[in-house]
Each structure stands twice: as structure tokens, then as C-alpha cells.
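Below is one structure, written out as C-alpha cells; comments come after it.
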Amino acid sequence: MQIVLDSLNHLQVQKHLKLYGYVIMENHLHLVVSGSDLA
Numbered sequence: 243m244q245i246v247l248d249s250l251n252h253l254q255v256q257k258h259l260k261l262y263g264y265v266i267m268e269n270h271l272h273l274v275v276s277g278s279d280l281a
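In the working numbering, the protein residues as written are 243 to 281.
Here it is in C-alpha cells:
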């Protein structure tokens with residue numbers, strides 16, 4: 243799970259991702275995000 247949180251932090255800092263909410267499940271995750279360039 244830590245790698246997922248680290249990845250989300252990286253995207254927020256480096257790619258200016260706006261993270262509004264997330265849920266980490268056993269085998270998948272749900273994100274509510276926005277960003278100018280998510281490609």
C-alpha cells in the first residue's frame with residue numbers, strides 16, 4: 243500500500259494532480275482526481 247501512496251504523492255507534487263479522495267481496496271483502488279495533463 244505504501245507504494246500506492248508514494249505514487250499519488252509524486253503525482254501531486256510533480257504533475258500537479260489534484261486528489262480529492264481515494265479508497266484503497268484489497269485488489270483495486272478508486273480515485274477522484276483532476277489535472278491539466280494526465281497523459
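Cβ atoms here follow ideal geometry from the backbone N, Cα and C, with glycine treated the same way. Quantities reported herein were computed from a predicted structural model and do not represent experimental measurements.
Contact check for TYR262 against VAL246 fails: the beta carbons are separated by 7 Å or more.
Ranked by Cα distance from GLY277, the options GLN256, HIS252, LYS260, ILE266 are led by LYS260. One alpha carbon belongs to ASN251, the other to HIS258, and they sit about 10 Å apart.
Boundaries for LEU259: no alpha helix (DSSP H) harbours it, and the DSSP string shows neither H nor E there.
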